[in-house]
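Have a look at the structure below, then the notes.
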Amino acid sequence: MKILIVGPAWVGDMVMAHTLVQTLVARHEDPEIVMLAPPASQPIAARMPEVAESIPLDVRHGRLDWGVRRRMAKEMKSRRFEVAFVLPNSFKSALIPFWARVPRRVGWHGESRYGILNDRRMAPERHALMIERYMALAWPPAADLPRPYPRPRLLVDEVNRETLRDRLKLASDGPVTILCPGSEYGPAKRWPPRHYATLARALLDSGQHVWLVGSPRDAVVCAEIQAQASGVVDLSGRTSLLDAVDVLSLAEVVVSNDSGLMHVACALDRRVVALFGSTSPDYTPPLSDRATVLKKDLECSPCFQRQCPLGHTDCLVTLEPEQVIAVL
Numbered sequence: 154m155k156i157l158i159v160g161p162a163w164v165g166d167m168v169m170a171h172t173l174v175q176t177l178v179a180r181h182e183d184p185e186i187v188m189l190a191p192p193a194s195q196p197i198a199a200r201m202p203e204v205a206e207s208i209p210l211d212v213r214h215g216r217l218d219w220g221v222r223r224r225m226a227k228e229m230k231s232r233r234f235e236v237a238f239v240l241p242n243s244f245k246s247a248l249i250p251f252w253a254r255v256p257r258r259v260g261w262h263g264e265s266r267y268g269i270l271n272d273r274r275m276a277p278e279r280h281a282l283m284i285e286r287y288m289a290l291a292w293p294p295a296a297d298l299p300r301p302y303p304r305p306r307l308l309v310d311e312v313n314r315e316t317l318r319d320r321l322k323l324a325s326d327g328p329v330t331i332l333c334p335g336s337e338y339g340p341a342k343r344w345p346p347r348h349y350a351t352l353a354r355a356l357l358d359s360g361q362h363v364w365l366v367g368s369p370r371d372a373v374v375c376a377e378i379q380a381q382a383s384g385v386v387d388l389s390g391r392t393s394l395l396d397a398v399d400v401l402s403l404a405e406v407v408v409s410n411d412s413g414l415m416h417v418a419c420a421l422d423r424r425v426v427a428l429f430g431s432t433s434p435d436y437t438p439p440l441s442d443r444a445t446v447l448k449k450d451l452e453c454s455p456c457f458q459r460q461c462p463l464g465h466t467d468c469l470v471t472l473e474p475e476q477v478i479a480v481l
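Numbering-wise (my numbering), the sequence shown opens with residue 154 and increments by one.
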């Protein structure tokens, strides 16, 4: 069976999409799975062993870009996919399988996608976890999902990892803790830089190597942490997304906000301490037995906002570094 998956734009969501990929492999004999997704998340699919090909959909966030989607639909039509699974809820995300005339197009109702999807599901309340919503698309409506749920697993490019050791001059003479202080979603998910710096100093004093990993957008906050914790290695903006995957595989422990890199670290079977503020582990938890969630159960949390509506971000400010140190 030839299967097209229109993947999500967020890195963490793409990692969690591996649960659907594994479900499809378990349900169909020798499926050919192709993942189509924006460049921000598409590389992750290349590290899923069951995905035959991952294709970047180079469209701007929030834009229709009709011409790009039409051209991509023409290419997808020539491949004769039998079924397409559309994971984002937007109207535009379902256009390519529709224009490509994929016979069966599966997804949640989302933005009133009448006719665009011909196997359109209404999201049941019983699927609280995002991975449940992804996996449920592979089963008939109202079917019970078999347990245990598959957990995301990503491949490591060991050759690239050693190349990165040399290029970035990364230490190999002791345990490494990696801190991931960024979050593309917004500041309401970010533990304060001063807390990360306090944690980093304690780790350095205990003989750990401490590295900061993040995108170019995280460079400012990482520089702030490094300024307060001499000896920290700042890798923000110096790695591609796939480089970051390989670097994270070197960590003994990863301390991270609720972010895409948190899900990557779990999919690499690293020990993870996950810091939750404006979001909830009841929806997108770290999918690993080696992960510990730390959060404050405040009356205002979770709010699921990008910016703290009250202006104080107490859900993260009051989560003290000593609590993380005690867990470690």
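In this text, a Cβ means the ideal position worked out from N, Cα and C, and glycines have one as well.
Where does residue i sit, in a helix, a strand or coil, going by DSSP?
| i | result |
| --- | --- |
| Arg-273 | strand |
| Tyr-287 | helix |
| Asn-410 | strand |
| Cys-468 | helix |
| Met-188 | strand |
| Ala-198 | helix |
| Tyr-267 | strand |
| Pro-346 | helix |
| Val-309 | coil |
| Val-385 | coil |
| Pro-209 | strand |
| Trp-292 | coil |
| Asp-396 | helix |
Would residue i and residue j qualify as a contact pair, given that the criterion is a beta-carbon distance under 8 Å?
| i | j | result |
| --- | --- | --- |
| Leu-217 | Pro-305 | no |
| Ile-197 | Leu-177 | no |
| Ala-382 | Ala-350 | yes |
| Val-193 | Ala-170 | The amino acid at residue 193 is misidentified as Val; the sequence shows Ala. Their beta carbons are not under 8 Å apart, which means Ala-193 does not touch Ala-170 by this criterion. |
| Val-236 | Ser-246 | no |
| Ala-420 | Leu-307 | yes |
| Leu-290 | Leu-173 | yes |
| Cys-375 | Gly-367 | yes |
| Asn-242 | Gly-263 | yes |
| Thr-330 | Gln-379 | no |
| Trp-344 | Leu-481 | no |
| Val-446 | Pro-434 | yes |
| Gln-460 | Gly-339 | yes |
| Val-159 | Leu-352 | no |
Determine whether the Cβ of residue i lies closer than 8 Å to any Cβ atom of chain C.
| i | result |
| --- | --- |
| Ile-186 | In summary, chain C is missing from the structure at hand, where a single protein chain is found. |
Give the DSSP bridge partners of residue i, in chain order.
| i | result |
| --- | --- |
| Lys-448 | Phe-429 |
| Val-236 | Ile-156, Arg-257 |
| Thr-330 | Val-363, Val-406 |
| Val-204 | Ile-186 |
| Val-374 | Val-374 is not bridged to any residue. |
| Arg-424 | Val-406 |
Problem - Segment contact, 8 Å Cβ cut-off, at least three pairs: the segment 420 to 435 with the segment 401 to 412 - result: Verdict: yes, contact present.
Handout entry: the segment 164 to 177 touching the segment 280 to 289, judged by at least three CB pairs closer than 8 Å
Key = yes
Practice task
Mind the definition here: the segment 223 to 231 touches the segment 253 to 262 only if three or more C-beta pairs lie below 8 Å; say whether that holds.
Solution key: Flag = yes, the segment 223 to 231 and the segment 253 to 262 touch.
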